[in-house]
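Asker:
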Amino acid sequence: MAEAVSHKGTVISSDSGAVRVEIVSESACSSCHAAGLCGVSESKRKIVEVPVRGGREYQPGQEVEVCLARKAGMRAVLLSYALPALILLILILSLSMIGLGELAIGIITLSGVALYYLVLYLFRNRLSEGYEFYIRER
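Residues are numbered in the numbering used here as their position in the sequence shown, beginning at 1, plus a constant of 4.
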């Protein structure tokens with residue numbers, strides 16, 4: 005298993021402290037010859053700000069590889085997907101057991117997950133301290 009998750013990107017801008025890199029993430033079927041016809045394929049453009057280390061300089065348009073430690077990536081998956089799914093499951097099962105109606109269960113469950121994401125959003129700056137991207141030379 006690799007120690008880092010990496011994506012190829014293009015430098016958009018660079019200053020003394022950080023480099024802004026555009027990453028295009030594509031779905032698995034976007035490379036299919038019929039991707040333009042079926043409408044299932046998609047690609048998203050993301051801009052990541054990467055701190056510059058060691059006085060390196062990057063030029064706009066330069067191809068780079070942006071990396072994140074695998075452990076940090078797994079933590080992000082846990083926080084963004086696994087915990088909300090667990091909250092959803094626990095709320096559905098526990099509210100069903102006490103005999104609430106389906107509409108009330110749905111509203112309370114969705115509210116619980118929305119509250120979780122709100123808390124995650126409010127603590128985004130504190131959480132982001134544990135995620136540091138870096139550029140690996142290609």
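Glycine is no exception: its CB is placed at the ideal position from the N, C-alpha and C atoms.
(1) Which residues in the same chain as Ser18 place their Cβ atom closer than 8 Å to its Cβ, once the five residues preceding and following it in sequence are excluded?
(2) Of the choices Ala22, Val52, Ile96, whose alpha-carbon is the least far from that of His29?
(3) In terms of alpha-carbon separation, which member of Ser20, Tyr120, Leu99 lies closest to Gly58?
(4) According to DSSP, is Lys50 helix, strand or coil?
(5) Between which residues of its own chain and Ile109 is the CB-CB distance below 7 Å, once the five residues before and five after are set aside?
(6) Can you say whether Val70 is buried or exposed, counting buried as having 16 or more other CB atoms within 10 angstroms of its CB?
(7) In whole angstroms, give me the CA-to-CA distance for Arg130 and Ala118.
(8) Could you tell me if Ile102 is buried or exposed, where buried requires 16 or more neighbouring beta carbons within 10 angstroms of its beta carbon?
(9) Would Ile111 be called buried (16 or more neighbouring beta carbons within 10 Å of its own) or exposed?
(10) Spatial neighbours of Tyr135 within its chain, please: C-beta separation below 6 Å, excluding the five flanking residues on both sides.
(11) Express the C-alpha separation of Ile139 and Gln81 in angstroms, rounding to a whole number.
(12) I need the DSSP call for Leu104, collapsed to helix, strand or coil.
(13) May I ask which residues mark the beginning and end of the beta strand (DSSP E) holding Leu131?
Answerer: Reading it off the structure:
(1) Arg24, Val56, Glu61, Tyr62, Gln63, Pro64
(2) The residue you asked about is not His; residue 29 is Ser in the sequence shown. Nearest C-alpha to Ser29: Val52.
(3) Ser20
(4) Looking at Lys50 - three-state DSSP - the assignment turns out to be strand.
(5) Closer than 7 Å at the Cβ level, and outside the excluded window around Ile109, lie Ile96, Leu99, Ser100.
(6) buried
(7) 19 Å
(8) exposed
(9) exposed
(10) Ala76
(11) One detail in the question is off: residue 81 reads as Val in this sequence, not Gln. The alpha-carbon atoms of Val81 and Ile139 are separated by roughly 21 Å.
(12) In the structure shown, Leu104 sits in coil (DSSP, three-state: anything other than H, G, I, E or B).
(13) Unbroken run through Leu131 is the alpha helix (DSSP H), 128-132; no beta strand (DSSP E).
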